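In what follows, a single structure is set out as structure tokens and then discussed.
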Amino acid sequence: MLPNRSPYINHTARFDTAEAYAKGNSEIEMHVFSHPSIVFLYLVISTKLFWGLRNGPNDGGLSRKHIIEGTQEALQRLQLDYVDILFAHRCDPTVPMEEIVRAFNFVIEKGWAFYWATSEWTALQIEEAHHVATKLGLIAPVAEQCMHNMISRERPEKEYEPLYKRYDLGTTVYSALAGGFLTGKYNSGIPEDSRFKIHPNIYGAKAASLTTAEGLKEIAKIKALTEIAENENLKALEVIPKLTPDILERIEQTLDNKPAPPPSKPQNLNMSDFNLVEPNGWEYDLQSLHNIPWYDRTWGVVFETFNEFLTFSWPVITVTDSVTGRAHIVTRLTTIGAFIKMIKTRFGETLPMVDNILRVRPFETSQRHLRTITDDGQYKKVYSSLPAIALAALKARVRAGDPAAIRELWESKDKTFFAIDFEWSERNASSCLEWGYAAARCGHLDGAIVFDRNGIWPPDPEPNYRRGHYIVTEYADKVHNKHRPNFPWAFGDSQQIPKSKVPQILQAILSSMTSPDIETIPNVLVLVGHGISGDIHMIEQMKIKLPHNVLVIDTSVYERVQFNSGVRGPMKDPSGQPRSKGSTLSLTNLLVSLGVDIQCQMHNSGNDAFMTLLALQLLLDPHRTKIPSTRGRPMQPNMVIPRTASRSPGPSIPMVSVSTSMPGMSIPAFSGMFSPVPHPGFHSPANVSPDPDIYRTSGYYSIMPPPGSMNERQRTGSGLSPRPGLLDDRRRTVSDQEVALRLGGLRLG
């Protein structure tokens, strides 16, 4: 009979059934909707297929045969021509997804249903169905029906949450009262007329669970919820307006089962979350793994977007490629194997071989921070750290003398190479006697317009090196250091400054040449030195702030790397034997091996800085670099610069210009120490003399000093005045014999 009141009058306009409900009798009872008094347009009717009514091999599941025949039988029981929605009551892993999608689309094309949907499918299965439908140009499932109530919340509120927006997926639920559990009917036991009692073979396990600790805990929650409802006088039809935030919060506290959303923002790390791993074996760029022809495969849903690919949960670290210097997010081969196994298990297929997966050779050797990426948000967070990772690796590569990295800096033509050198007391290593610098501002030179050509490249040392030499006033009255006496500067006028003003002036000079301290890009300033560790220590001791993104080149290390790699060709040691790998040249010997006829006295900080920068340029561009000459520099009178009101830290301090003329400083060829094979672009260089500086304890020298000099400290000294007959003061001309004595005691020809 027709019910007294039509369903749509009570605003209950949807009716859902299934072939399995009461063995098909539920659909038979619903044939009442075929009565002419029912305004069918106002109703939404759905049924479900999967379990079947018979035991034949094709009487259940989601084979094409059962979907088509089962739909026809359901419509006969309902006495309807069509239903609004046809649900797949479960997913059938034994049937290819393409067959399922095509069969439901066939039903729709026949006019037996408007839409098809799923029930109790996993999120991955729904994703696969959408991918197949999109690939074939067919209709995808429009909704998912799942259990959703206060007890069961995980799947609809967490697992399906990304699908709602991605595919505009609808949802409908069943068992909203958890099989009557939420009504409180089981609070005091199992009623005789309940389904648990009537059908023990079906619900026996559920009934038994009510007496467990977990079941009693759930019953306690129901009692608490009932108390909330009674206190607030909530009725079924009036509940929504009365669900204030306070009541909702009390309900959530009582249930204590709200699914945690996937993390979209970085979490606070504790020590248990922070894992370090060795970089060995982490070689495969994660994003390049996604470059697979997926669009014609059933497992293509895993690759449809990069975010879907990341849901596999990929353990990764960040490294830089030792060849290119670029930073990468990489994973390991065992994880790729686990991913391939997952594809084969779920879809029955094997991933094709991919030739263009990017394999990285990590530059880093220390342990790296292990992270697990599961979504696009986490990937973006790690990806944003790559520029800083690349900069850290670049700093390490340049400091280690990597030829490719240093040459790339030089050829960029936008860096400022700043060579610096300090001379300090041999008695007190914290006392700076003098310091000097030389700088090549390549960015300014390359953009300069000179006559009819654009730019100056490479720099011409004599006119293009900005340079300076500063003598500390407190130590300017006599020669200091027994083993490393100080000498006049050959490239300009030295200036005297008070000891207290040294950090201020040096900081001002550095600040005028640096770019902002940004953690993702290298600074325009590149610090250069020969055995630069001691100079950096002196800078730190003066509390001078260098930007963290400044790169540091040690010319002694750079030359040693070039020699070890064979770029510089074979060379001989002092005994005439081939130079051993790992040995390091002093600055003097390096210059002579480069074909420089040294016309200035080394171990003057200004001369050393200038020559260090010249040595670097010769190592990088030997054919086009002009070697400057200091021969015949005119004598200049001493001149006191008066104190001025200038804001510049230099001129505002009393300074004294010191004459730098060095007549007679023509040094003849020495007997052989390092006799390099002629290098292309050089004239045959003079043999290199033994240089006492080779025994500095900077950590870069492997050749041991001669007997009697083992107790020498790095630029340490006695502070004594010079021996009679050698030097009267700092500005006295040095004889050839004196130079030869200081360069190793060799006979002059």
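Start counting the sequence shown at 1; every next residue gets the next number (UniProt numbering). Ideal placement from N, C-alpha and C gives every residue a C-beta, glycine not left out. Keep in mind the model is a prediction, meaning the values are calculated, not measured.
Once DSSP output is grouped into helix, strand and coil, what is the label at residue i?
i	result
E19	coil
A13	coil
A404	helix
L80	coil
D421	strand
E278	coil
C600	coil
E426	coil
C432	strand
Y115	strand
S288	helix
S593	helix
Y164	helix
P622	coil
E283	strand
A440	strand
R346	helix
T47	strand
P649	Confidence at P649 is low in this model, with a pLDDT of 37, below 50, so its placement is unreliable and the value that follows should be read with caution. It is coil, neither helix nor strand.
W457	coil
A176	coil
residue 755	Because the chain is modelled from 1 through 749, residue 755 falls outside the range shown and cannot be assessed.
V677	Only weak support is given to the placement of V677: the predicted model assigns it a pLDDT of 38, under 50, and the value that follows is read from those uncertain coordinates. Three-state result, V677: coil.
G664	With a pLDDT of 31 at G664, under the threshold of 50, the modelled position of this residue cannot be trusted; read the value that follows with caution. G664: coil per DSSP, three-state reduction.
N149	coil
T517	This sequence places Asp at residue 517; Thr is not what is there. Coil at D517, not helix or strand.
D608	helix
L506	helix
Quick one: residues in its chain with C-beta nearer than 8 Å to the C-beta of residue i, no 5 flanking neighbours on either side, listed in chain order?
i	result
A400	V557, V561
H548	D517, E519
P403	Y558, V561, Q562, S565, V567
S313	T372, I373, T374
E283	V330, R332, L333, R359, V360, R361, P362
V382	V316, T318, I329, R371, I373
Y21	E27
I406	V398, I553, Y558, L620
V502	C432, W435, Y470, V472, M542
M342	F312
Quick test of your reading: residue i and residue j, contact by CB under 8 Å. State the CB separation rounded to the nearest angstrom.
i	j	result
L525	T514	5 Å
I126	E99	No, I126 and E99 are not in contact; Cβ-Cβ is about 17 Å, not under 8 Å.
C442	P459	7 Å
I357	L289	6 Å
K48	F87	4 Å
V472	K499	5 Å
Report the partner residues of residue i according to the DSSP bridge assignment.
i	result
A143	G170
Q495	Y470
V528	A419, I553
D321	P362
K572	P578
H328	V319
T372	P315
Whose C-beta lies closer than 6 Å to the C-beta of residue i among residues of the same chain, with five residues either side of it excluded?
i	result
L614	P461
Y437	I420, G468, A609
P279	V319, P362, E364, R368
D92	G61, L62
D376	N307
Y167	H130
H537	none
Verify whether the separation of the beta carbon atoms of residue i and residue j is less than 7 Å.
i	j	result
L43	A13	yes
L386	A429	no
R90	E27	no
L163	A117	no
N105	I68	no
K395	L551	yes
H530	L587	yes
Which residues in the same chain as residue i place their Cβ atom closer than 7 Å to its Cβ, once the five residues preceding and following it in sequence are excluded?
i	result
Y174	Q145, M147
P263	For P263, the predicted structure reports a pLDDT of 49, less than 50, and the residue's modelled location is therefore unreliable. A value from the coordinates is still provided. For P263, where only same-chain residues beyond five positions count, there are no Cβ hits under 7 Å.
W112	T71, L75, Y82
G60	F50, W51, G52, H66
E120	R90, C146
E159	A123
G170	V142, A143
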